[in-house]
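A.B. asks: My structure is below; once you've seen it, I'll send some questions.
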Amino acid sequence: MKFSINWRKINPLGSVFGKIWLSFWVTLLLIVLAVAFVSHQVAQVYQIGAPNASHIGLLNRVKLPNIDRLASDRQEIIDELDRFNSESRFQWYLVDDTYHLLGTPKPPRRILVMLSEMMELEGVKVGQWRQETWMGPITMSVGGDMYRLFLRGVPSLPPPNLPLWLDSQWLRAVFALFVSGGMALVLAWSITRPIARLRRVSRQLAGGSLDARVGGAVNKRADELGDLGRDFDDMAERLQQLVSAQQRLLSNVSHELRSPLTRLQVALGIVRQKAPSDLETALSRIERESDRLESLIAQVLKLSRFENEMQHLEPTQLQLDDLVRQVVDDARFESKAHNILITDQIESTVNIWGDPQLLHSAIDNVIRNALRFSPENGELSIQLTTRKGEALIEICDQGPGVPEDKLERLFDPFYRLDQSNSGAGLGLNIARHAVTAHKGDIRAYNRPEGGLCVRIRLPLNQNGRLRQG
Amino acid sequence: MNESHILLIDDDRDLAELLGEYLDAEGYKLSAAHSGEDGIVQLREHSYDLVLLDVMMPGIDGFETLRQIRSHSSVPVLMLTAKGEEMDRVLGLELGADDYLAKPYSHRELLARIKALLRRIELDKVQQENDSGTLECNGVTLNFDTYEVECEGEHVPMTTSEFKVLRVLMSRVGKAVPKEDLYREVLGREIMAYDRSIDMHVSNVRRKLQAVTETPKIQTIRGIGYLFVDPK
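Same order as they appear, the protein sequences are chains V and D. Numbered per this note's numbering, the first sequence spans residues 112 to 580. Numbered per this note's numbering, the second sequence spans residues 7 to 238.
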């Protein structure tokens with residue numbers, strides 16, 4: 112698989128992929144920052160460390176409350192601490208041997224938890240929670256009772272040591288960028304992949320492969336995209352059923368209409384064997400009309416089959432000169448009966464991208480039409496030339512031509528200039544369908560010396576890009 | 007005159023009745039079978055000069071019927087196909103039909119094809135009496151007694167029509183044979199516009215020969231016909 116970056120895909124204004132990717136990236140970044148902030152705060156809660164020089168110095172300088180004197184009376188110790196603490200910059204607290212904290216103001220519960228942990232550690236520690244920093248315990252005996260002392264309001268601890276790779280702000284930013292960007296990418300992929308699959312299948316469907324289904328991985332999803340995939344498959348199923356029903360109908364109609372026509376033809380043969388000769392004109396008329404009916408059915412079927420085929424063009428590299436020559440050869444056999452001379456001027460090796468069957472029927476229909484209007488002993492000229500990147504096919508007859516104002520309508524379905532001619536009026540319409548499918552055009556004009564010319568122009572280089580559907 | 011006996015295999019009973027009356031007036035005797043199975047049974051019990059075989063039939067279709075007929079009989083078969091179904095013709099001729107006619111056909115066309123096929127059978131009979139022994143050319147051997155073809159020592163199965171194509175081409179080895187002549191001598195009729203019967207027979211022969219040998223034996227001469235390559 113070829114991997115290439117499509118920058119338009121990342122533009123959040125132009126694609127769902129970019130929108131999802133960028134917005135998730137930003138969101139994840141914010142979350143990472145928030146988590147980092149909170150975790151930092153949380154780390155502050157329970158930070159216990161060793162006292163540094165300034166703590167020790169403070170311990171030597173700080174004034175102690177007069178509790179030794181009042182040792183025997185617990186209530187007096189409390190009162191003295193209250194008085195001292197309310198006046199001093201540093202507050203002292205005592206913990207007795209029943210783990211009761213003496214002293215005011217009463218600290219929050221978190222501090223009590225921290226202090227109890229500090230007491231379990233060896234030696235004097237400094238504990239910090241939010242803005243409060245405590246130091247202790249210092250063991251002392253007051254009147255024979257053991258107390259542990261804590262000092263509140265000492266300088267805070269330095270920030271904790273983080274792993275080296277998290278210590279640098281830049282590294283942290285890069286790490287966050289990669290982790291969140293990668294996660295957002297995976298997320299965006301998981302959403303846009305089924306969309307791409309849906310798109311591919313719907314293009315296949317539009318291109319005529321009616322058995323294309325989304326299926327598999329997309330339809331197993333439980334989300335809205337899975338719903339969409341399943342609905343799409345239901346739709347494709349229904350479409351396929353309808354089209355195949357229509358095709359079945361077409362071939363049934365063809366069979367059903369032709370059986371009675373065959374019987375009619377044979378019955379006509381029997382009547383002819385037995386009929387008196389004065390019925391000859393009427394019988395010829397019946398025969399002609401039944402021929403016309405048959406050619407009408409054939410053409411209508413051809414047209415509808417043709418429109419079907421246009422849905423699945425099969426362009427290949429082909430030699431247009433070979434194809435034209437083949438049609439001309441066939442036309443020569445037909446023209447012999449009417450003594451029409453077919454002259455051809457066909458350039459050799461004209462390569463073109465196209466559907467051979469479509470092009471064959473286009474050229475064939477135009478030539479047949481020209482033959483029908485050619486007078487006995489007339490001449491029909493067929494030319495294939497190339498110029499300026501296009502192939503030019505010109506078919507000119509010596510027939511009566513067409514009034515200027517009717518030239519355009521010649522290619523309309525069921526259009527017949529003269530109601531007495533036996534064609535169904537679909538041949539030139541089929542030719543136009545085929546030529547436009549090849550991005551060419553077809554035009555008719557009268558020659559100054561009499562007769563009609565039909566000119567088909569087909570582009571030589573279209574890199575195989577024909578109209579699909 | 008000895009009246010020719012034709013078997014029609016077609017599920018359309020009305021058509022069979024009408025055709026019977028029509029062909030009777032033209033001097034032919036027509037029997038009808040209304041399904042492929044029925045037709046095969048009738049062919050085993052009686053002998054016919056010609057079979058008209060419809061492709062579209064309920065039950066076993068025309069192609070399957072033809073395959074079964076060919077397994078035991080070389081009676082001439084005219085396939086009646088739906089118009090515009092190119093594949094039907096190719097398949098029919100490949101399976102050994104002698105000619106085809108697209109439905110709906112005019113009574114004149116049908117009569118002309120029947121006459122052409124029957125005339126051809128007459129010609130074949132005369133020719134068969136004259137032909138005997140073998141014709142060998144460029145590694146291909148035709149045996150007129152057994153109607154078998156050998157190419158570079160290997161047996162190559164061919165239908166009657168394909169055998170005749172080879173006979174015409176090999177009897178004029180090294181010369182271009184016009185398609186018109188091939189139609190006349192192989193199918194007993196004139197060429198018509200949009201007629202690909204001979205081209206298909208030739209391409210079948212080519213395909214079968216190519217299965218045995220690398221060297222091409224038959225060349226296409228554009229605008230004229232075909233040529234059997236002279237090794238000299």
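Just so you know, even glycine gets a beta-carbon here, dropped at the ideal spot from N, CA and C.
Shortest alpha-carbon distance to Gln456 (chain V) belongs to which of V:Val382, V:Gln494, V:Pro486?
C.D. replies: Comparing Cα positions, the closest option is V:Gln494.
A.B. asks: Would Gly231 (chain D) pass as a contact of Arg126 (chain D) if the rule is Cβ separation under 8 Å?
C.D. replies: It is not a contact, given that the beta carbons lie outside the stated cut-off.
A.B. asks: Please report how far the alpha carbon of Val364 (chain V) lies from the alpha carbon of Glu405 (chain V), in whole angstroms.
C.D. replies: Using only the alpha carbons, I get a separation of about 13 Å.
A.B. asks: Identify which residue in V:Arg566, V:Gln384, V:Arg221 has its Cα closest to the Cα of Ile504 (chain V).
C.D. replies: Nearest of V:Arg566, V:Gln384, V:Arg221 to Ile504 (chain V), Cα basis: V:Arg566.
A.B. asks: Give the straight-line distance between the Cα atoms of Asp30 (chain D) and Leu24 (chain D), rounded to the nearest whole angstrom.
C.D. replies: Spanning the two alpha carbons is a distance of roughly 10 Å.
A.B. asks: Measure the Cβ-Cβ separation of Trp203 (chain V) and Met225 (chain V) and say whether it is below 8 Å.
C.D. replies: Contact: no.
A.B. asks: Out of D:Arg173, D:Lys238, D:Leu59, point me to the one whose CA is closest to Ser138 (chain D)'s CA.
C.D. replies: Minimum Cα distance to Ser138 (chain D) is reached at D:Arg173.
A.B. asks: Quick check on this structure: which residue in V:Leu350, V:Pro524, V:Lys236, V:Gly489 has the alpha carbon closest to the alpha carbon of Ser509 (chain V)?
C.D. replies: Before going further, note that residue 509 (chain V) is Gln rather than Ser in the sequence given. Checking every option, the nearest Cα to that of Gln509 (chain V) belongs to V:Gly489.
A.B. asks: Please go through the stretch 309-340 of chain V and give each complete alpha helix (DSSP H) segment of 4 or more residues, from N-terminal end onward.
C.D. replies: Whole alpha helix (DSSP H) segments, 4+ residues: 327-330.
A.B. asks: Since I believe Leu21 (chain D) is in contact with Arg374 (chain V) (beta carbons under 8 Å), could you give me their beta-carbon distance rounded to a whole number of angstroms?
C.D. replies: That pair is a contact at about 5 Å.
A.B. asks: What residue from V:Ile142, V:Ser252, V:Leu262, V:Leu140 has the CA that sits closest to Pro162 (chain V)'s CA?
C.D. replies: For the residues V:Ile142, V:Ser252, V:Leu262, V:Leu140, the minimum Cα distance to Pro162 (chain V) belongs to V:Leu262.
A.B. asks: Give a yes or no on whether the minimum CB-CB distance between Lys109 (chain D) and chain V is below 8 Å.
C.D. replies: It does; some Cβ of chain V falls within 8 Å.
A.B. asks: Applying a beta-carbon distance threshold of less than 8 Å, which residues of chain D neighbour Gln384 (chain V)?
C.D. replies: Under the 8 Å cutoff, chain D gives Tyr28, Ala31, Glu32.
A.B. asks: Of the choices V:Arg396, V:Glu445, V:Thr496, V:Thr138, whose alpha-carbon is the least far from that of Arg479 (chain V)?
C.D. replies: It is V:Glu445 whose Cα lies nearest to the Cα of Arg479 (chain V).
A.B. asks: From the beta carbon of Leu36 (chain D), is the nearest beta carbon of chain V less than 8 Å away?
C.D. replies: With 8 Å as the cut-off, Leu36 (chain D) does not count as an interface residue toward chain V.
A.B. asks: So which residues of chain D does Leu372 (chain V) contact, with C-beta pairs closer than 9 Å?
C.D. replies: Simply Lys109, Pro110.
A.B. asks: I'd like to check one pair, Phe195 (chain V) with Gly264 (chain V): are the Cβ atoms closer than 8 Å?
C.D. replies: No.
A.B. asks: Can you pull the chain D residues whose beta carbon is under 7 Å from the beta carbon of Asp440 (chain V), in chain order?
C.D. replies: Ordered by position in chain D, the residues that pass the 7 Å Cβ test against Asp440 (chain V) are Gly229.
A.B. asks: In chain order, which continuous runs of the alpha helix (DSSP H) of length 4 or greater are located wholly inside the stretch 190-244 of chain V?
C.D. replies: Within the stretch 190-244 of chain V, the complete alpha helix (DSSP H) runs of at least 4 residues are 220-231.
A.B. asks: Going by the CB atoms, is the gap between Leu215 (chain D) and Val162 (chain D) shorter than 8 Å?
C.D. replies: Taking 8 Å as the Cβ cut-off, Val162 (chain D) and Leu215 (chain D) qualify as a contacting pair.
A.B. asks: CA-CA distance, Gly319 (chain V) and Ala118 (chain D)?
C.D. replies: If you take the alpha carbons of Gly319 (chain V) and Ala118 (chain D), they lie about 43 Å apart.
A.B. asks: Buried or exposed, going by whether 16 or more other CB atoms sit within 10 Å of the CB of Met164 (chain D)?
C.D. replies: By the 10 Å Cβ count, Met164 (chain D) comes out buried.
A.B. asks: Comparing C-alpha positions only, which one of V:Gly160, V:Ser313, V:Glu519, V:Asp184 sits nearest to Gly247 (chain V)?
C.D. replies: Gly247 (chain V) has its Cα closest to that of V:Gly160, out of V:Gly160, V:Ser313, V:Glu519, V:Asp184.
A.B. asks: Identify the contact partners of Ala88 (chain D) in chain V, using a Cβ-Cβ distance below 9 Å as the criterion.
C.D. replies: Near Ala88 (chain D) (Cβ distances below 9 Å), the residues of chain V are Ser362, Ser365, His366, Arg369.
A.B. asks: For Tyr189 (chain D), count the other beta carbons within 10 Å of its own beta carbon; 16 or more makes it buried, fewer makes it exposed. Which is it?
C.D. replies: By the 10 Å Cβ count, Tyr189 (chain D) comes out buried.
A.B. asks: Can you find the residues in the same chain that come closer than 7 Å, C-beta to C-beta, to Asp660 (chain V), ignoring five residues on each side of it along the sequence?
C.D. replies: Nothing can be reported for residue 660 (chain V), as the shown portion of chain V is limited to 112 through 580.
A.B. asks: So, under 8 Å CB-CB, Phe128 (chain V) and Leu298 (chain V) are touching, yes? Tell me the CB distance rounded to an integer number of Å.
C.D. replies: With a Cβ gap of about 10 Å, Phe128 (chain V) and Leu298 (chain V) do not count as contacting.
A.B. asks: Check the Cβ of Gln456 (chain V) against every Cβ in chain D and list those closer than 7 Å, keeping chain order.
C.D. replies: The premise fails here: Gln456 (chain V) is roughly 15 Å from chain D at the closest Cβ pair, so nothing lies under 7 Å.
A.B. asks: Measure the CB-CB distance between Asp17 (chain D) and Ser41 (chain D) and report whether it falls below 8 Å.
C.D. replies: Cβ atoms of Asp17 (chain D) and Ser41 (chain D): closer than 8 Å.
A.B. asks: How would you write the range of the alpha helix (DSSP H) that Ala22 (chain D) sits in, first residue to last?
C.D. replies: Per DSSP, Ala22 (chain D) belongs to the alpha helix (DSSP H) from 19-31.
A.B. asks: Please state whether DSSP places Asn136 (chain D) in a helix, a strand or coil.
C.D. replies: Of the three classes helix, strand and coil, the one that applies to Asn136 (chain D) here is helix, per DSSP.
A.B. asks: Is the CB-CB distance between Thr219 (chain D) and Gly102 (chain D) below 8 Å?
C.D. replies: No, these two residues do not count as a Cβ contact at 8 Å.
A.B. asks: Mark Val290 (chain V) as exposed unless 16 or more other C-beta atoms lie within 10 angstroms of its C-beta, in which case mark it buried.
C.D. replies: That one is exposed.
A.B. asks: Going straight from the alpha carbon of Pro371 (chain V) to that of Gln48 (chain D), what length do you get?
C.D. replies: Each residue's Cα considered, the two are about 26 Å apart.
A.B. asks: Measuring CA to CA, which of V:Val285, V:Ile188, V:Gln158, V:Ser165 is closest to Tyr258 (chain V)?
C.D. replies: Closest by alpha carbon: V:Ile188.
A.B. asks: Would you identify the three-state DSSP class for His78 (chain D), choosing helix, strand or coil?
C.D. replies: His78 (chain D) falls in the coil class under three-state DSSP.
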